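Here the structure comes first, spelled out in structure tokens, and everything after it is commentary.
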Amino acid sequence: MRIGISGASGQLGAATVAELVRRGSHDIVGISRSPERVSAPVRGRLGDYDRPETLAEAYAGLDRLLIIPTGEMGPGRRAGQSVAAIDAAVEAGVGHIVLMSSAGTRAAEEPDIYASYWTAEQHLIRTAPRWTILRMNYYAEALLQEARMSLAGGVLTGLGENRVAFVSREDVAGAAAGILSSEGHVGAIYNATGPGSLTGAERAALVADASGQPFSFLVLPEAVLRQGMEQAGLPAPIVGVILSIQEKFVQGGFDIVTGDVERLSGRKPRALQDLVREAFSGR
Ligand SMILES: NC(=O)c1ccc[n+]([C@@H]2O[C@H](COP(=O)([O-])OP(=O)(O)OC[C@H]3O[C@@H](n4cnc5c(N)ncnc54)[C@H](OP(=O)(O)O)[C@@H]3O)[C@@H](O)[C@H]2O)c1
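Just so we're aligned, residue 627 is where the sequence shown starts under the working numbering, counting upward by one.
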């Protein structure tokens, strides 16, 4: 079976390729704008979401394809890229298309950052002959990075109390590889989540425990959070994205725990507690 990964040079793509290589016996094609970054036994192919003419060749002859959206934040940009990739895959005759999407996806209009995932999911369902969707929860790695940056200040901030089922990127990759390399996933929408959903106070306590430093969760009004990020020099579009993610947290968009990672990857997802301990031990 020939399996393509679109976005293979990125962090999630590379981790998915590695999972597939470990499973063996498949012909794997890594696709991105920089196919030279893909190394043997995986074959690299050029495929640029912004140049659909390159995607026809990139997706030719694939039995299955994973489409990983880019991190493009401009309104309509990521949705347009994902739709172009889906159209090219359908046109190229790819038998089964798997789309990486996000928890919290709902009917939404641009510039809501979740509009891109909604648009892509709907387009996939309407047009692909066989499809599967994998919605990832919030990356544990993204929380660890935020905690590292906030440790000196002693607080992790948010717009309200919330629960999030943080998942490691490797576990999302394991689930994706499971879908791509086994049967029985046509028409399924999976949620890749960690083993538990933690409140802001709970995750701050994990960091305090592991680092040995005072660290707590603090709810702030949106204007104060915005001002703090602007004063720290974050560009306006990034501030907007962070605020909308925080809003999704409060709305409960990431408060979902499933057994999908274990079901698809064959291993239990890593707990945030272990990831925090690993990241902050020795400090
Ligand atoms: N759940 C979460 O917490 C969370 C957090 C961050 C990101 N995400 C999402 O997770 C996904 C992947 O994340 P990641 O960390 O793996 O990102 P990443 O390392 O930045 O990888 C992005 C990939 O997209 C490719 N790409 C970028 N522009 C492209 C284009 N025009 N045409 C074709 N390929 C293009 C890149 O390859 P080339 O540059 O070689 O083309 C790369 O392979 C994205 O959808 C991102 O929005 C989720």
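Ideal Cβ positions, reconstructed from N, Cα and C, are used throughout, including at glycine.
None of these values were measured; they are calculated from a predicted model.
May I ask you to check if the CB of residue i is nearer than 8 Å to at least one heavy atom of ligand 1?
i, result
"M762", "yes"
"D676", "yes"
"Y765", "yes"
"T696", "yes"
"G804", "no"
"R663", "yes"
"M651", "Note that residue 651 is Ser in the sequence shown, not Met. Incorrect: S651 has no Cβ contact closer than 8 Å to ligand 1."
"R732", "no"
"G639", "yes"
"A768", "yes"
"S823", "no"
"S632", "yes"
"M726", "yes"
"R628", "no"
"S794", "no"
"Q877", "no"
"R704", "yes"
"S776", "no"
"G636", "yes"
"Q707", "yes"
"G800", "no"
"G673", "yes"
"R659", "yes"
CB residue i to CB residue j, shorter than 9 Å?
i, j, result
"L844", "V902", "no"
"I723", "A715", "yes"
"N763", "I882", "yes"
"E784", "F875", "One detail in the question is off: residue 784 reads as Gly in this sequence, not Glu. Result yes, Cβ atoms of G784 and F875 sit closer than 9 Å."
"N788", "G838", "no"
"P701", "M726", "no"
"A836", "F906", "yes"
"S794", "R896", "yes"
"L898", "L769", "yes"
"I815", "T758", "yes"
"A641", "A834", "no"
"G820", "A858", "no"
"P755", "D713", "no"
"G639", "D689", "no"
Restricting to Cα atoms, I'd like to know which of the options is closest to residue i.
i, options, result
"R829", "A858, L851, E856 and A791", "A791"
"V668", "G719, L646, R889 and L725", "L646"
"T884", "S727, P695 and N817", "N817"
"Y634", "I693, E683, L681 and D653", "Residue 634 is actually Ala in this sequence, not Tyr. Among I693, E683, L681 and D653, the Cα nearest to that of A634 is on I693."
"Q637", "A814, D797, Q899 and F880", "D797"
"S891", "P847, L846 and A801", "A801"
"L760", "P861, T731 and A905", "T731"
"G650", "G639, I629 and R663", "I629"
"L681", "R663, S708 and T745", "S708"
"Y685", "R703, A858, P755 and A718", "A718"
"E747", "L782, V720 and A710", "A710"
"A733", "R889, D900 and G879", "G879"
"R663", "R648, V643, R703 and H652", "V643"
"D653", "M699, Q872, M627 and E772", "M627"
"E873", "P847, E683 and A666", "P847"
"L782", "I871, Q771, S842 and E735", "S842"
"G706", "L691, P737 and Q771", "P737"
Just checking: is the beta-carbon of residue i within a distance shorter than 9 Å of some beta-carbon in chain D?
i, result
"S808", "Included in the structure is just one protein chain, with no chain D present."
Enumerated in chain order, which unbroken segments of the beta strand (DSSP E) with a length of 3 residues or greater are wholly contained in the stretch 711-794?
-> 722-728, 757-762 and 781-784
Unbroken alpha helix (DSSP H) runs of length 4 or more, entirely within the stretch 810-864: which are they?
-> 826-837 and 848-857
Does the stretch 644-657 come within contact of the stretch 668-682, defined as at least 3 CB pairs closer than 8 Å?
-> yes
Check whether the stretch 739-751 touches the stretch 799-810, counting contact only when three or more Cβ pairs, one atom from each stretch, lie closer than 8 Å.
-> no
Between the stretch 808-822 and the stretch 861-871, do at least 3 Cβ pairs fall closer than 8 Å?
-> no
Segment contact, 8 Å Cβ cut-off, at least three pairs: the stretch 771-778 with the stretch 735-744 | no
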